[in-house]
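Participant: Taking our numbering as reference, the numbering of the sequence shown is continuous, increasing by one, and the terminal residue is 608.
From the three backbone atoms N, C-alpha and C, an ideal C-beta is built for every residue, glycine too.
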Amino acid sequence: MKKIRKNAGKGGQKFKRAIFRLSNYYAHLVSRRIVDYCREKGVKGIIAPKYAEVDGYLYGQGMECFLGKRIIRFLKYKAWKEGIILTTVSPYHTASQCCHCGAPIKRYNENHVPGVRYFGGRLFLCKNGHHGNVALNAAKNLGVLFQDSKSK
Ligand SMILES: [Zn+2]
Numbered sequence: 457m458k459k460i461r462k463n464a465g466k467g468g469q470k471f472k473r474a475i476f477r478l479s480n481y482y483a484h485l486v487s488r489r490i491v492d493y494c495r496e497k498g499v500k501g502i503i504a505p506k507y508a509e510v511d512g513y514l515y516g517q518g519m520e521c522f523l524g525k526r527i528i529r530f531l532k533y534k535a536w537k538e539g540i541i542l543t544t545v546s547p548y549h550t551a552s553q554c555c556h557c558g559a560p561i562k563r564y565n566e567n568h569v570p571g572v573r574y575f576g577g578r579l580f581l582c583k584n585g586h587h588g589n590v591a592l593n594a595a596k597n598l599g600v601l602f603q604d605s606k607s608k
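1) Please state whether DSSP places N593 in a helix, a strand or coil.
2) Report the option in G524, A474 and S552 whose CA atom is closest to the CA atom of L581.
3) Between which residues of its own chain and I420 is the CB-CB distance below 7 angstroms, once the five residues before and five after are set aside?
4) Considering G562, what are the terminal residues of the beta strand (DSSP E) in which it resides?
5) Considering only the beta carbon of each residue, do N589 and C555 sit closer than 8 angstroms?
6) Tell me which residues share the same chain as V545 and place their Cβ nearer than 7 angstroms to its Cβ, disregarding the 5 neighbours each side in the sequence.
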C-alpha cells in the first residue's frame with residue numbers, strides 16, 4: 457500500500473513536470489504567434505491583463521491563469537525585441553461587465569440559458585441587450601481601462 461502511494465506520488469511529480477514543460481512550449485508558441493501577428497499588422501502596442509495583481513480574484517486561479525501569466529512574460533520580451541511595447545492593466549471586472557454599457561453580463565453558449573456564474577460560456581448578454589463574444593468583450597474592456605489609466 458505504501459509503495460503504491462509512493463509510486464503514485466512519483467507519477468504526480470512526473471505529471472506536473474510534463475505539464476510544466478508543455479505549458480512552457482505553448483507559452484512560447486502562443487507568444488511567438490502574437491508577436492508575428494502584431495508585426496504583420498504593424499501593431500506597436502499590446503495591452504495584456506495584469507494577472508499578478510488580482511490573485512485570489514477570478515483571474516488569479518487555475519491552470520489557465522498559470523499559463524496566461526507565462527504567455528505574457530514571454531510575450532513581453534519577444535515583443536520588446538520587435539519594438540512592440542507591452543503594457544499591462546489590472547483586469548478588474550473586464551470579464552464580468554459589458555464593454556458597451558458597464559452592466560454586469562451573463563455568460564452562455566449557443567442554445568443554453570445565460571447565467572452570471574456560467575464561467576464556461578463563450579458568449580455574453582447584458583440587461584441592455586448587448587451581446588457578443590466574451591473574450592472580445594474582455595479585450596475591449598481592457599482597452600478602455602488602459603485609456604482611463606493614461607488619462608489620469
Ligand atoms: Zn451592455
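Facilitator: Considering the structure as presented:
1) Secondary structure of N593 (DSSP, three-state): helix.
2) Per the Cα distances, S552.
3) Here the chain has residues from 457 to 608 only, and residue 420 is not among them.
4) The question names Gly, but residue 562 in the sequence shown is Lys. Element bounds for K562: I561 to Y564.
5) Contact flag unset, no.
6) Correct list, in chain order: I503, P505, K506, L598, L601, F602 and S605.
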